[in-house]
C-alpha cells in the first residue's frame, strides 16, 4: 500500500491506472533494481575483491595486476601502446588505478562465450532446471529485506519466516544438480551440501526466533523499527540494535546465526560440499560456462543475504549507529540514501568477513561439521532461547507486576 | 484492498474451486498409493493425500462459518478486551489443524523412511509386494 | 495483504526470467561464435581426466540420511515455536508466566529427544568400535554392550 | 455466468489462481503417473509449491511459508535422500513400476467424482470474513489458548518420531558394523 501511495505521489497520473498495474510495475522495478544492483554486479565486485584478497593472502600477485596494460601488451598490434605506461603522466595515473580490474571483465566475457557442456549421461531436464530453482530460491529472499527506512519491495508480515522458507527451496535445486549431472563428485557434493544446509538451518532458525520473540513481530520492517530505541532511550542509535541489547547477551545468538549462515552458503571453513581436494567442485562439477555462473551468482547473492539478515535482525538494518534524529529533518531522498548506505555497508561488511574467513581458516572435516552443528550450536541456541525468554519474562514482570490491571497491555 | 475485485473481500475463487483441487490431489494420492510398487512412491502418495486434506482444511477455515469464540466458556474477560485478541480469531481453527497435519506429515515421513530403509537393508529392494514377512 | 504474494510471484518470475534470458543470450552468442563443439570425451562424466570408473550412483554414507531424519523433527519444532514467539510479548499480560512454562515444556520434551540421540551415539559421524572401548565405557553405553554380545 | 463459475475471469488475480491450480493439478498427476521416480519426486516439489500458493490465495500466510519450510525443505529432501539411497538399478532412469493401473484409476476416479459431487452439491455456509488479516499471531494465540494440549502433545509425537527414526537407523548401523 505504501508503495502505491508513494508511486502516486511521485507520478500523479498513475492514480488513473488500476491499482494492481501500479503495484506490479513498482514491485517489478524494485525487484529489477535489486537484481541489477545487489545480485548480478555485486557478484562481480565480490569476485574482484575476493581475488585481490586471495592474491594478498597467498602472495599471488597476478589478480592484482591484470589491467589495461597487460591487455595491450598481449596483442602484437597494440604492444607499442603498452610501452606508454612507463611514460610519466600515464605512469602516475596507472599507479592510482587498482590493479586487476580487467580480470573481472575478462571473467564475465569468458563465462558468457564458453562452451555449454551437458554430459551425455546426464538427465538433461534436471540438469537444465536446477539453475532456475537455485536462482529463484536465493533471489526471492531479497523481496523482504528492508533496504532503507520502511522500504522493502514487499512488506510481508511473516518476513523472516518467509526468508527461511524460500531459502529452503534451494536444497532440492542443489540435489537436482547433483543427481542430474550423473557424476560421482556432483552427487556426493549435492548430498553433502543438502545435508549441511538442512542441519544448520535449525540453529539459525532458533537464533532468529530469539529475535522474533524479543521483537514480538516477524515483519522485517517492524523488527527494524523496534531497534530504534533501547535501554530506555527513545532514539538510541546503535544501543538499540539487538546485538547490544540485554547487556550483550544477544551476541551469542548472533554468533550462532553467523556461523550457521556461513555453513548454509557453503563457505569456508564449511565448504566441504565444494572441497576441491576431494570433490573437484561439488554439485556443479559438470556445469560450465554461463549455466555455471548462475550457481556462482546464487552463492554470492546468498552471502549477501546472510549479511542482510544478520544486519536486519541484529544490527538495526538501515538504522544508522548515531541516533536517527540527527538526520530526521533531511529531505526524503537523502534519507532513503542514508538508510540504504547503512544497510548496504553493514551487510557487505559480513560478505567481506566471509571472504577473509575463506583465506584464513582451514576446512572442517564432515564429522566435525555435523558435531559442531548438533552438539555445539544447537544446544547453545536452544538454551539461549529459553534464557532470553526468561529474561524477557523478568523484564515484563517488572514492567507490569501481577497486581496491575491485567489485560490492558494486550494490544494489536 | 485485496487484489481480487470481489467486493465482499472473498478470495479470488469460490470455495468449490479449492475443494476440487483438493479432491484431485486426494485422488492422485490414492492412485499413487494403490498402484506403485516402490515404497518411496507410496510415501509420496501419502504426502499428496495429506496435502489434499490440508487444502480443504484451510479452505474451510477461510470460507465457512466458525464458532463464536475460541475462548473457554464461562470465563469473562475484563471489559473492553476483544476476546479474539486473546484467544485468537475463531475461524483460525482450520489453519491450526493444517499446522498439526504438517507436523504429523513430518513425523510420519521420518518414521516411514526409516522403515523403508530397514526394508531395503533386509530385502535389498523397496518393492512393497515383496514385503510378506508377516504372512502366516 | 494479498498484494504481497503477487509481489513474491514477481520476484520468482524475475529470477526465472533472468536465468532464461541469460541462457537464451548465451545460446545465441555461442551459435554465432560456434563455440559448441561437443565430442565423446567432453560429454563423459568428469573424473579428473581419468576414464570414468564404475557406475555413477554409488552408495553413500547413511549418516546423511540420519541427519536429515533428525533435522526434520527439529524443523517442525521451529515451525511450531515461531507463532509462540510471535505472541509471547503481547499475550504475556494475560497469561503471565504460564506462557513461559508452556514453551519450556515443549522445548524440554524435544531437548530430551536430543539428549537421547546424543547419548545413544546417533549424532556420531564416525562409528565407535566397541573393541576400543574400556569395560567402564561399555557399561556406560548399553547399546554397544548389546552389540558386543 | 460469473457467479456460477465462482471466479471472475476479468480479475487478473483469478488467472494467477488458475495458473497455480493448474500447476498443482498437473504436477500431482505427474507424481501419480511418471515412469521415473526422480521425476515423480520433483513434480512433488511443484505440487508442494502450488499448494503453498493456494494457501496464499486463502490468506493463510503462515501456512504457506511453513509448507515451504517443512514440505519442500524437509520432507521432499528426505524423500529425495530415500530415493537416492534405495535405488537398485544403476541407471539414471529409475523405473517406477505400477501394478493394476486400471483398477487404481477406476478407484481414484470414483473417489474424485464422489468428492467433487459432494463439494459441488453441498450448500456451504459461506461467510464474509472481511479483509485478509495476518494469521501468525492468530495461530499463536490459538496455540497457547484452546489448542494448548495438542501443541504440547505434538512435542511428544515428535519425540516419538525422533526416537523411532533414530532407533531404526541405529539398527542399520549395527548391521553395517
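Protein chains in written order, with the numbering used here: chain A, 6 to 417; chain B, 7 to 142; chain C, 70 to 218; chain D, 198 to 374.
Ideal placement from N, C-alpha and C gives every residue a C-beta, glycine not left out.
Item                                                                                                                                                                                        : Value
Where does residue 418 of chain A fall in DSSP's three states?                                                                                                                              : Summary: the structure shown does not reach residue 418 of chain A, with chain A confined to residues 6 through 417, and so no result is reported for it.
Is it buried or exposed for residue 184 of chain C, if we count other Cβ within 10 angstroms and need 16 for buried?                                                                        : exposed
Given a cut-off of 7 Å on the beta-carbon distance, is the pair residue 115 of chain B and residue 255 of chain D in contact?                                                               : no
Which residue comes first and which comes last in the alpha helix (DSSP H) that contains residue 373 of chain A?                                                                            : 371 to 376
Can you name the residues of chain C whose CB is closer than 8 Å to the CB of residue 123 of chain B?                                                                                       : 131, 134
Measure how close the beta-carbons of residue 83 of chain B and residue 96 of chain B come, nearest whole angstrom, since I'm counting them as under 8 Å.                                   : Not confirmed; about 14 Å, so no contact.
Compute the beta-carbon to beta-carbon distance between residue 123 of chain A and residue 383 of chain A, rounded to the nearest angstrom, for a pair I have assumed lies under 8 Å.       : About 40 Å; that fails the 8 Å criterion.
Could you tell me how far apart the beta carbons of residue 325 of chain A and residue 343 of chain A are, in whole angstroms, since I believe they sit closer than 8 Å?                    : 7 Å
Could you tell me which of A:162, A:323, A:111, A:77 sits nearest to residue 49 of chain A, measuring between CA atoms?                                                                     : A:111
Would residue 322 of chain A and residue 352 of chain A be called neighbours here (beta carbons separated by less than 7 Å)?                                                                : no
For residue 42 of chain B, which of helix, strand or coil comes out of DSSP?                                                                                                                : strand
Quick check: the Cα distance between residue 341 of chain D and residue 306 of chain A, rounded to an integer number of angstroms?                                                          : 38 Å
Less than 7 Å between the C-beta atoms of residue 359 of chain A and residue 308 of chain A, yes or no?                                                                                     : yes
In chain B, which residues lie with their C-beta within 7 Å of the C-beta of residue 233 of chain D?                                                                                        : Here the premise fails: no neighbours, minimum Cβ distance about 11 Å.
Below 8 Å on the Cβ atoms is my contact criterion, and I expect residue 393 of chain A with residue 218 of chain A to pass it. Report the Cβ-Cβ distance as a whole number of Å.            : 7 Å
Report, in whole angstroms, the separation of the C-beta atoms of residue 379 of chain A and residue 204 of chain A, which I expect to be a contact under 8 Å.                              : 7 Å
Kindly list, in the order they appear in chain D, the residues whose Cβ is closer than 9 Å to that of residue 77 of chain B.                                                                : 342, 343
Between residue 148 of chain A and the rest of its own chain, which residues show a CB-CB distance below 6 Å, the 5 nearest in sequence each way excluded?                                  : 158, 159
If we ignore side chains and look at the alpha-carbon of each, how far apart do residue 290 of chain A and residue 229 of chain D end up?                                                   : 32 Å
Relative to the C-alpha of residue 210 of chain A, which residue among A:254, A:142, A:318 is closest?                                                                                      : A:318
Which of the three DSSP states, helix, strand or coil, is assigned to residue 133 of chain B?                                                                                               : strand
If you drop the 5 nearest sequence neighbours on each side, which residues of the same chain put their C-beta closer than 8 Å to that of residue 309 of chain D?                            : none
Measure the CB-CB distance between residue 237 of chain D and residue 175 of chain C and report whether it falls below 7 Å.                                                                 : no
Taking 7 Å as the CB-CB limit, is residue 45 of chain B close to chain C?                                                                                                                   : no
Measure the CB-CB distance between residue 255 of chain A and residue 247 of chain A and report whether it falls below 7 Å.                                                                 : yes
How far does the alpha helix (DSSP H) with residue 170 of chain A in it reach, from first residue to last?                                                                                  : 164 to 172
Kindly indicate which three-state DSSP category residue 14 of chain B falls into: helix, strand or coil?                                                                                    : In this predicted model, residue 14 of chain B has a pLDDT of only 48, less than 50, meaning its place in the structure is not dependable; the value taken from the coordinates is given anyway. In the structure shown, residue 14 of chain B sits in coil (DSSP, three-state: anything other than H, G, I, E or B).
Just reading off the alpha helix (DSSP H) that residue 157 of chain C is part of, what are its end residues?                                                                                : 132 to 164
What would DSSP say about residue 179 of chain A, mapped onto helix, strand or coil?                                                                                                        : helix
Is the CB of residue 251 of chain D under 7 Å away from at least one CB in chain C?                                                                                                         : no
Can you check whether the C-beta of residue 83 of chain B is within less than 7 Å of a C-beta belonging to chain D?                                                                         : no
Contact defined as beta carbons within less than 8 Å: I believe residue 301 of chain D pairs with residue 33 of chain B. What is the distance between those atoms, to the nearest angstrom? : So it is not a contact: roughly 10 Å between Cβ atoms.
I'd like the span of the alpha helix (DSSP H) that includes residue 332 of chain A, first residue to last.                                                                                  : Looking at the DSSP string, residue 332 of chain A is not in any alpha helix (DSSP H), and its letter there is neither H nor E.
Any Cβ of chain D within less than 7 Å of the Cβ of residue 328 of chain A?                                                                                                                 : no
Going along chain C, which residues have a C-beta under 7 Å from residue 389 of chain A?                                                                                                    : Here the premise fails: no neighbours, minimum Cβ distance about 12 Å.
Along the segment 365 to 384 of chain A, where does the CB come closer than 9 Å to a CB of chain C? Name the residues.                                                                      : 370, 371, 372, 373, 374, 375, 376, 378, 379, 380, 383, 384
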